[in-house]
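Everything below concerns the one structure shown next.
In mature numbering (1 follows the signal peptide of the UniProt record, and there is no 0), the protein residues as written are -22 to -1, 1 to 507.
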């Protein structure tokens, strides 16, 4: 990337004095959306300013278990069309026949209430709640359209997916929906930066007069589309007018001139890292580690140009929220041979021993490898991914010793939880969990507080007035999101209302989710040790 810009080096030199205070600010993990577009851009009245609409290439896309969603979509073409005036629009990746959720999932809820609620959920820690939230977010459902960007439910759905680090699904949802508002386009643009498709994003942004690019974004995109002189001029003008902060201008100057980047001092990260700054730093040879950044950035650490430990750390973070498939995690864990001990190297070595023994269908070797691998997986919170991979091939093997109870525990946090028999858990502390797995908790086995609460949840046939009223109003999606929040509070030791969450899930047809939630809560200490 060779470029000559008149006065660019001199211009950049005057920036260093302005950078001293910025270098003192600590790195933050919040507010990571780039200022891709300029000024307040809300949805205009119907028939006025045309808005971007992505020609979706995945209208019939369905999620394939274990598949790479990025391989199922293509970068969309961008066209311009006037915004009509529909009150709702159907958006989602999975039809009601797949999710069991109605098209009216969101329509009765007030967008100004629901959107902040979706953003407040964050990344659930309970696997059953992760799965339920993702199921809600990708469900094909009529979504209310609002002129208030902060209350846009579709934007909130994308943001909720990103909070879990699920970049691939977020991109697929944006592609299927069409980036018909500036807020949706800004997110598509940022995710394009994180997935290495920035050229297509810049071409789309620069080609559409309906969107006004913020000056830092315009400088970046002018350079990516080959207009280096215009990029340099825009940079100098923007900094002179105060529209490009000194720290951003310094980064852009180094990006435009590789020779300048080699001679310049390192710039401390801004307080809030955006995808644009992250991309610029990577381009000039000073990449930021993703370990302290929001989960969405972790996807960039999975590429082969990163070290193996960096890839393992990123894969673990994403797997804990269900945003990385178990097969992809396996690929990372088995990519090399551990050359050190301790930490994630113990996990990698134990996982590889287990995988080799399972592949060989060797019960003796599995019986030796399984307990250690399970303990290591629990230490970092990826036991559900391990369970997803190995429960099926292990379920009928003649294991011996501690591996027998480990297998039962593994299967109770896997999709095969119902296949654990009472014989497998007799005279063990998993006996009550097994009764929950088949939907009939045995009260006489319930000794702890959480066990008694679970018994109450399965015995309850009525709902609290607030939940009953929400359901009467047709606010199913909102009710379930609130239930997820309550369940997450239970995971931190606040057990109030968890019986009502279990009852709610069962009475709304989510029996499997109710059982899995109960099992997760029962095993939470066991899973997190």
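C-beta atoms are modelled at their ideal positions from N, C-alpha and C, and glycine is treated no differently.
Coil, strand or helix - residue i by DSSP
| i | result |
| --- | --- |
| residue 487 | coil |
| residue 69 | strand |
| residue 6 | Only weak support is given to the placement of residue 6: the predicted model assigns it a pLDDT of 33, under 50, and the value that follows is read from those uncertain coordinates. Residue 6: strand per DSSP, three-state reduction. |
| residue 250 | strand |
| residue 328 | helix |
| residue 267 | coil |
| residue 120 | strand |
| residue 338 | coil |
| residue 313 | coil |
| residue 86 | coil |
| residue 185 | coil |
| residue 164 | helix |
| residue 540 | The chain is shown from -22 up to 507; residue 540 falls before or after that span and cannot be answered. |
| residue 221 | coil |
| residue 79 | coil |
| residue 308 | helix |
| residue 501 | coil |
| residue 136 | helix |
| residue 319 | coil |
| residue 205 | coil |
| residue 345 | helix |
| residue 402 | helix |
| residue 152 | helix |
| residue 125 | coil |
| residue 389 | helix |
| residue 517 | Here the chain has residues from -22 to 507 only, and residue 517 is not among them. |
| residue 416 | coil |
| residue 45 | In this prediction, residue 45 has a pLDDT of 41, which is less than 50 and means its spatial position is unreliable; what the coordinates show is noted afterwards. Looking at residue 45 - three-state DSSP - the assignment turns out to be coil, as it is neither helix nor strand. |
| residue 175 | coil |
| residue 303 | coil |
| residue 272 | coil |
| residue 360 | coil |
| residue 107 | helix |
| residue 365 | helix |
| residue 14 | coil |
| residue 378 | coil |
| residue 409 | helix |
| residue 394 | coil |
| residue 226 | helix |
| residue 281 | coil |
| residue 216 | helix |
| residue 373 | coil |
Contact with chain D by residue i, beta-carbon distance below 9 Å
| i | result |
| --- | --- |
| residue 459 | Included in the structure is just one protein chain, with no chain D present. |
Test item: CB-CB of residue i and residue j under 9 Å
| i | j | result |
| --- | --- | --- |
| residue 494 | residue 105 | yes |
| residue 89 | residue 144 | no |
| residue 103 | residue 466 | yes |
| residue 593 | residue 209 | The structure shown does not extend to residue 593, since the chain is modelled only from -22 through 507, so no value can be given for it. |
| residue 147 | residue 71 | yes |
| residue 453 | residue 75 | no |
| residue 441 | residue 485 | yes |
| residue 134 | residue 92 | yes |
| residue 355 | residue 329 | yes |
| residue 400 | residue 436 | no |
| residue 460 | residue 115 | no |
| residue 445 | residue 482 | yes |
| residue 236 | residue 172 | no |
| residue 509 | residue 136 | Given a span of -22 to 507 for the chain in the structure shown, any question on residue 509 remains unanswerable. |
| residue 380 | residue 341 | no |
| residue 130 | residue 85 | no |
| residue 469 | residue 498 | yes |
| residue 142 | residue 303 | no |
| residue 279 | residue 288 | yes |
Contact test: residue i Cβ vs the ligand GTP heavy atom, cutoff 8 Å
| i | result |
| --- | --- |
| residue 216 | Only the bare structure without any ligand can be found here, which leaves the ligand GTP out of the picture. |
Cβ separation of residue i and residue j, assumed to be a contact under 8 Å, to the nearest whole Å
| i | j | result |
| --- | --- | --- |
| residue 165 | residue 183 | In fact, because the Cβ distance is near 13 Å, the residues do not count as touching under 8 Å. |
| residue 179 | residue 170 | 4 Å |
| residue 283 | residue 322 | That pair is no contact at about 19 Å. |
| residue 419 | residue 398 | Not really, about 14 Å apart at Cβ, beyond 8 Å. |
| residue 230 | residue 200 | Contact flag wrong, Cβ pair sits at about 10 Å. |
| residue 111 | residue 132 | So it is not a contact: roughly 16 Å between Cβ atoms. |
Exercise. Evaluate the contact criterion for the segment 217 to 236 versus the segment 187 to 197: three or more CB pairs, one atom per stretch, below 8 Å.
Key: Yes, they touch.
Self-check item: Contact between the segment 326 to 346 and the segment 271 to 283 (3+ Cβ pairs under 8 Å)
Solution: no
Self-check item: Whole runs of the beta strand (DSSP E) within the segment 420 to 480, excluding any shorter than 3 residues
Solution: Secondary structure in the segment 420 to 480: no beta strand (DSSP E) run of 3 residues or longer lies completely within the stretch.
Exercise. Would you check if there are 3 or more beta carbon pairs closer than 8 Å linking the segment 70 to 81 to the segment 119 to 126?
Key: yes
Exercise. Evaluate the contact criterion for the segment 417 to 428 versus the segment 484 to 502: three or more CB pairs, one atom per stretch, below 8 Å.
Key: yes
Practice problem: Check whether the segment 297 to 314 touches the segment 358 to 377, taking contact to mean three or more Cβ pairs, one atom from each stretch, closer than 8 Å. | Solution: yes
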